[in-house]
Amino acid sequence: YAYSTHSSKQSAQDEFYRRGEIYGIHGERMNGNDVEEVFEVTSRAVERAKTGEGPSLLESYIVRIKRSGALTQRDLEERDPLLMQENRLLAEGILGTSQVTALKDEINGLVKSEAEIACSSPLTEEKVARSSVYSREVN
Numbered sequence: 024y025a026y027s028t029h030s031s032k033q034s035a036q037d038e039f040y041r042r043g044e045i046y047g048i049h050g051e052r053m054n055g056n057d058v059e060e061v062f063e064v065t066s067r068a069v070e071r072a073k074t075g076e077g078p079s080l081l082e083s084y085i086v087r088i089k090r091s092g093a094l095t096q097r098d099l100e101e102r103d104p105l106l107m108q109e110n111r112l113l114a115e116g117i118l119g120t121s122q123v124t125a126l127k128d129e130i131n132g133l134v135k136s137e138a139e140i141a142c143s144s145p146l147t148e149e150k151v152a153r154s155s156v157y158s159r160e161v162n
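Counting from 1, position 31 in the sequence shown corresponds to residue 54 in the working numbering; the numbering is continuous, with no gaps.
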């Protein structure tokens with residue numbers, strides 16, 4: 024439903040982070056395509072919780088990346104959070120090209136290894152899969 028219906032047509036309050044205000048819950052909106060902003064906002068929320076300031080309602084606003092003829096390769100690159108962070112780290116001299124390549128190789132190896140483990144593992148028994156999903160066991 025949410026895939027094709029704009030949030031303003033689903034709710035009178037389309038700034039979802041503000042929905043907690045009525046309950047005294049702190050809310051913040053962040054650019055979900057910016058890795059560093061997500062880290063900063065979520066870190067503040069964790070700190071608020073740890074210091075007894077209560078929960079936070081965080082809204083991560085993202086630009087959905089659709090692979091369609093409407094977007095160019097440049098559009099996709101400008102919206103890809105991983106590529107944006109990679110470019111930032113390279114531009115600021117925090118990482119070099121060889122370090123980025125090594126990290127990508129390491130991550131790809133980990134993902135491949137974990138995917139192989141998952142694919143070769145037995146399926147979870149139905150009773151276990153249905154437990155702890157709701158407050159009571161599902162029949």
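We treat Cβ as the ideally placed atom computed from N, Cα and C, and that holds for glycine.
Check: CB-CB length for VAL61 against GLN108, believed under 8 Å; Outcome: Going by Cβ atoms, the distance from VAL61 to GLN108 rounds to 10 Å, so no, they are not a contact pair.
Check: Cβ-Cβ separation, ARG97 to ASN56 (assumed contact under 8 Å), whole Å; Outcome: Their Cβ separation, rounded to whole angstroms, is 15 Å, which puts ASN56 and ARG97 out of contact at 8 Å.
Check: Pairwise C-alpha distance: GLU70 and GLN36; Outcome: 27 Å
Check: Sequence ranges, alpha helix (DSSP H) only - wholly within the segment 80–144, length at least 4; Outcome: 96–102, 104–114, 120–143
Check: Continuous beta strand (DSSP E) stretch holding GLU63: start and end; Outcome: Taken as a continuous stretch (DSSP letters only), GLU63 belongs to no beta strand (DSSP E), being part of the alpha helix (DSSP H) at 58–73.
Check: Buried versus exposed call for ALA141 [16 or more other C-beta atoms within 10 Å across all chains shown]; Outcome: exposed
Check: Stretch pair the segment 116–132 + the segment 72–82: three plus CB contacts closer than 8 Å; Outcome: no
Check: Supposed contact pair GLY50 and ARG41 - C-beta distance, whole angstroms, cut 8 Å; Outcome: 6 Å
Check: C-beta contact flag for SER83 and ALA68 at 7 Å; Outcome: no
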